[in-house]
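Undergrad:
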Amino acid sequence: MKAKVAFVCVHNSCRSQMAEGWAKAIGQEVLEAYSAGTETYPEVKPLAVAVMEEAGIDMSGHFPKLLSDIPEELDILITMGCNVVCPYVPNKHTEDWGLDDPSGGPIEGYRHTRDLIRDKVEALVRRIESGEIPL
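In our numbering, each residue carries its 1-based index in the sequence shown increased by 140.
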């Protein structure tokens with residue numbers, strides 16, 4: 141059984157979208173991945189889509205979603221470091237990744253954030269597989 145994981149940010153337009161993209165690409169054996177935001181936003185940031193494409197992850201069809209668009213119960217809830225308190229979503233494990241938002245900055249910031257997220261998703265998969273995160 142796959143762990144339902146949601147990556148949550150304010151606008152679901154950059155970091156949480158990248159995390160969903162990585163989770164679907166490298167964690168598909170153990171993760172059922174979602175992403176969402178606490179506020180509406182018109183689009184996924186074009187530079188986020190571009191840097192993920194550089195890494196071989198197609199996010200061209202992604203769009204910002206709200207918490208109401210994802211499952212009501214999760215195994216894992218991960219906030220991205222947005223200094224926002226999410227409405228309560230039932231889950232078994234919660235953590236905050238504390239990532240700076242590259243929005244509005246140069247593409248290098250997006251690349252750095254993309255790589256940090258990849259590393260964190262890889263570590264999350266290892267922690268689930270090892271039983272460190274009990275589900």
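The beta carbon of each residue, even a glycine, is placed where N, CA and C say it ideally should be.
Note that the structure is predicted; figures quoted are calculated from it, not measured.
#1: Can you have a look at Gln168 and say buried or exposed, based on whether 16 or more other CB atoms are within 10 angstroms of its CB?
#2: Can Pro227 and Tyr174 be called in contact, C-beta distance under 9 Å?
#3: I'd like the list of long-range same chain contacts for Ile247, defined as Cβ closer than 8 Å, with 5 residues on each side in sequence excluded.
#4: Are there 16 or more other CB atoms within 10 angstroms of the CB of Glu213, so buried, or fewer, so exposed?
#5: Under 9 Å, do Met220 and Phe147 count as touching if we go by C-beta distance?
#6: Pull up the distance between the alpha-carbon of Leu206 and that of Ala195, whole angstroms please.
#7: Provide the residue span of the alpha helix (DSSP H) that contains Val265, from first to last.
TA: The relevant details are as follows:
#1: Residue burial is scored here from C-beta neighbours: Gln168 has fewer than 16 other C-beta atoms within 10 angstroms and is therefore classed as exposed.
#2: No.
#3: Answer for Ile247: Leu187, Ala190, Val191, listed in chain order.
#4: Counting Cβ neighbours within 10 Å, Glu213 comes out exposed, since fewer than 16 surround it.
#5: Contact flag set, yes.
#6: Cα to Cα, the separation comes out at about 26 Å.
#7: That run of the alpha helix (DSSP H) goes 247 to 270.
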